[in-house]
Amino acid sequence: MSGYKTSKINNRRYLGNKYKLLPFIVDVVEKECRNIKVIADIFAGTGAVSSAFDKSKVIITNDLMYSNYICNYAWFGAENYEPQKIIDLVIKYNSLGSCRDNYMTRNFANTYFSKKDCSKIGYIRNDIEQLFKKKQINARERAILITSLLYAMDKIAQTCGHYDAYRKGCNYENELELYVPLAPVDNNPQNKCFNTDANLLVREIEADLVYIDPPYNSRQYCDAYHLLENVARWEKPEVHGVAKKMDRSKLKSEYCTNKATDAFADLISNIKAKYIMLSYNNMSQKGNDRSNAKISDEDILRILRGKGKVKVFSQQYKAFTTGKSDIADNEERLFLCECSGGVE
Ligand SMILES: C[S@@+](CC[C@H](N)C(=O)[O-])C[C@H]1O[C@@H](n2cnc3c(N)ncnc32)[C@H](O)[C@@H]1O
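Numbering of the sequence shown is given in my numbering, commencing with residue 46 and proceeding in unit increments.
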C-alpha cells in the first residue's frame with residue numbers, strides 16, 4: 046500500500062472538454078500541419094488538448110479562469126518541483142478530521158459539500174497559501190496542491206458536474222480525498238501559462254499552431270465553475286443566492302454573447318501563426334436556445350478564409366445538452382486554416 050492515490054489530467058468533469066477527441070485532433074495535426082514546434086492552446090480549459098503533444102513541443106496555455114490557469118500551470122509549468130513534498134502534504138491533508146470553522150464552513154456548509162468537508166477544504170486551502178507565503182513550497186507546488194484540492198472537490202460535489210445548484214437533503218456519502226496529480230517533472234523549459242483574455246494574448250505571442258476552443262453557447266464557464274474559481278483564487282468574497290455565487294462580472298466571456306462573432310474576427314485578425322485550428326460544433330440551428338452556438342458556420346468560414354486556406358474535418362460526437370434535446374447528428378468539427386504569410 047503506497048498510502049495515496051494518483052490522478053491524471055482528465056480525472057475531472059468539465060463542460061466541452063476535448064479529452065475524447067484527442068485522437069481526432071492529433072490525427073489532423075499530424076496529417077495536415079508541418080514543422081510544428083510551438084503550440085498555443087488559448088482557451089485551454091482543463092489543458093486536455095495540450096496534453097496530447099509530446100515534450101519536444103513548446104506548449105503555451107491560457108484561460109480566462111484562474112482555476113484553469115492553476116491546473117494548467119500544475120500540468121505544464123516549466124518550474125521544477127519536488128514530488129515527495131506533494132505526496133507528504135497530500136497524505137497529511139487526507140488524515141485530517143473536522144477542522145475549525147472557516148470561510149468554507151460559514152458560506153457552504155451542507156450545500157455542495159458536508160460541513161466537515163467544507164472545514165477541511167477551507168483548512169487545506171489556507172494551509173497551501175501559508176506554506177507558499179513562508180516559501181516552503183514554490184509556485185508550481187502551490188499550483189499542484191490546489192489542483193489536487195479542486196479535483197478532490199469535483200469528485201464529491203453534490204452537483205451534476207457544475208455549480209448552478211446542489212442536491213438538497215443528500216447524505217454526503219463520499220468524503221474529501223486528495224489524490225497526487227501525476228504532473229510531469231520534465232516539461233519543456235520554454236512552456237508558458239497565461240491567465241488572460243485570449244483576444245489580448247494573441248497580440249503578444251507567436252506560435253506555429255494556435256488551437257482555439259472557445260465556449261460555443263451562452264453558458265458562461267465562470268457561472269458553472271464559480272466555486273472552483275472561488276477556492277482557487279481564495280480572496281474569500283461575499284457569495285449570493287441559493288447557488289452561493291461570488292461576483293463574476295470580470296470573468297464573463299464575450300464568446301457566450303451576441304458579441305461572439307466580432308470577438309472571433311478580432312481574435313483571428315491578430316493571430317500570428319502558421320496554422321489556426323478551431324473546434325466548434327454544429328449546434329447553431331439545433332437544440333434549445335441556451336445550447337445554440339453563437340457564431341454561424343458562414344461567419345466562421347468567412348473570417349478564417351480572410352486569413353488563409355481553410356479545410357474542415359468532422360467527427361460524430363455526443364452533445365453536452367441536459368438530455369431534453371437529444372440531437373442525433375451533432376458533429377464536432379475542426380476548422381484548419383493554413384495562414385497566408387504565417388510566421389517564419
Ligand atoms: C470549450 S472550453 C475549452 C475546453 C478545453 N479545450 C478542454 O479540453 O478542456 C472553453 C474555455 O474557454 C475559456 N474562455 C472563455 N472565454 C475566454 C476568453 N475570452 N479568453 C480566454 N479563455 C476564455 C473558458 O473559461 C473555458 O475554459
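The C-beta atom is built at its ideal place from N, Cα and C for all residues, glycine as well.
Separation of A210 and K50 (C-alpha to C-alpha, rounded to the nearest whole angstrom) is 29 angstroms. When beta bridges are read from the DSSP output, P226 appears opposite S52. Nearest in C-alpha terms to I316, of all of D258, F239, R248, is R248. The DSSP-derived three-state label of S324 is strand. Between the beta-carbon of E75 and that of L381 there is about 12 angstroms, and that puts the pair past the 8 angstroms contact cut. Shown here for Y64: same chain residues with a beta carbon closer than 6 angstroms to its own, the five before and five after excluded, namely N55, A93 in chain order. Distance between Y126 and A184, taken at the CA atoms: about 9 angstroms. For K165, the number of other beta carbons within 10 angstroms of its own is at least 16, and it is reported as buried. The beta carbon of D162 is closer than 8 angstroms to those of I201, Y217, E220, L221 in its chain, skipping five residues each way along the sequence. Beta-bridge annotation (DSSP): V255 is paired with A85, I321. Beta-carbon to beta-carbon, G122 and N236 are separated by about 7 angstroms, close enough to satisfy the 8 angstroms threshold.
With a threshold of 8 angstroms, the Cβ atom of N337 does not count as near ligand 1, since no heavy atom of the ligand is closer than that. When only Cα atoms are considered, R264 and C301 end up about 6 angstroms apart.
Relative to the non-hydrogen atoms of ligand 1, the Cβ of Y211 never comes closer than 8 angstroms to any of them. Taking the Cα of I173 as reference, the smallest distance to any Cα among L190, K160, V103 is reached at L190.
Taken through DSSP and simplified to helix, strand or coil, R248 comes out as coil.
In this structure, E376 sits away from N337, with a CB-CB distance that is not shorter than 9 angstroms.
Taking 8 angstroms as the upper bound for CB-CB distance, N262 and K339 are in contact here, some 6 angstroms apart. Here M110 is not near E299, since their CB atoms are 9 angstroms or more apart. One alpha carbon belongs to K180, the other to E186, and they sit about 11 angstroms apart. In the structure shown, V71 adopts helical secondary structure according to DSSP, grouped into three states. In the structure shown, H271 adopts helical secondary structure according to DSSP, grouped into three states. DSSP, read as helix, strand or coil, puts F98 in coil. K82 is the residue among R58, L67, K82 whose C-alpha sits nearest the C-alpha of E251.
Bounds of the alpha helix (DSSP H) holding N315 are 305-315.
The Cβ atoms of I84 and V255 lie closer than 9 angstroms to each other. Its chain contains F309, A310, I313 as the residues whose beta carbon lies nearer than 7 angstroms to that of I348, once the 5 sequence neighbours on both sides are disregarded; these appear in chain order. I340: not part of any beta strand (DSSP E); DSSP gives it neither H nor E. Scanning M198, F98, F358, I105 for the CA closest to the CA of F88 turns up I105.
Looking from the CA of V225, the closest CA among L246, K102, D344, I136 belongs to I136.
Spatial neighbours of T156 in its own chain (CB-CB distance under 7 angstroms, excluding positions within 5 residues in sequence) are listed in chain order as Y211, K289. K319 counts as buried, since at least 16 other C-beta atoms from the protein chains shown sit within 10 angstroms of its C-beta. In the three-state DSSP reduction, E186 falls in the helix class (H, G or I). S385 and R350 have their C-alpha atoms some 10 angstroms from each other. Residue burial annotation: C267 is buried, with at least 16 other C-beta atoms found within 10 angstroms of its C-beta.
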